[in-house]
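Under UniProt numbering, residue 64 is the last one in the sequence shown; the count climbs by one each step, no gaps. Yeah, the Cβ is synthetic: ideal placement off N, Cα and C, and Gly gets one too. Model, not experiment: these values are computed from the prediction. Note sheet for the following structure.
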Amino acid sequence: MATTTLSRPSNNKWIAGVCGGLGERFGINANLIRLAFVLSCLLPGPQVVVYLVLWIIMPKKSSY
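What follows is the structure in structure tokens.
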């Protein structure tokens with residue numbers, strides 16, 4: 001089940017949790033998003049910049 005907010009999880013992250021957060025938000029396996037990101041880096045474009053921006057603007061998921 002997809003969550004309603006976009007946030008970076010504390011348990012499903014490799015670098016910053018961006019792909020894990022996107023996976024939780026849209027109900028997709030985070031590893032598929034990671035694979036798509038790595039493959040997209042082979043193409044020209046601002047992928048790394050978009051990742052960094054998401055890292056900055058996505059809040060950490062509060063754990064309580």
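Which first and last residues belong to the alpha helix (DSSP H) in which residue i is found?
{"i": "S40", "result": "A30 to S40"}
{"i": "L52", "result": "Q47 to I57"}
{"i": "R25", "result": "V18 to F26"}
Out of the options, state which residue places its alpha-carbon closest to the alpha-carbon of residue i.
{"i": "I33", "options": "L42, P44, G21 and L43", "result": "G21"}
{"i": "T5", "options": "N11, G27, L52 and L35", "result": "G27"}
{"i": "L52", "options": "V18, N12, G23 and S10", "result": "V18"}
If residue i and residue j are in contact, beta carbons under 8 Å, what's the gap, nearest whole angstrom?
{"i": "R8", "j": "A16", "result": "7 Å"}
{"i": "A30", "j": "N12", "result": "6 Å"}
request  = Mind the definition here: the segment 31-46 touches the segment 55-63 only if three or more C-beta pairs lie below 8 Å; say whether that holds.
outcome  = no
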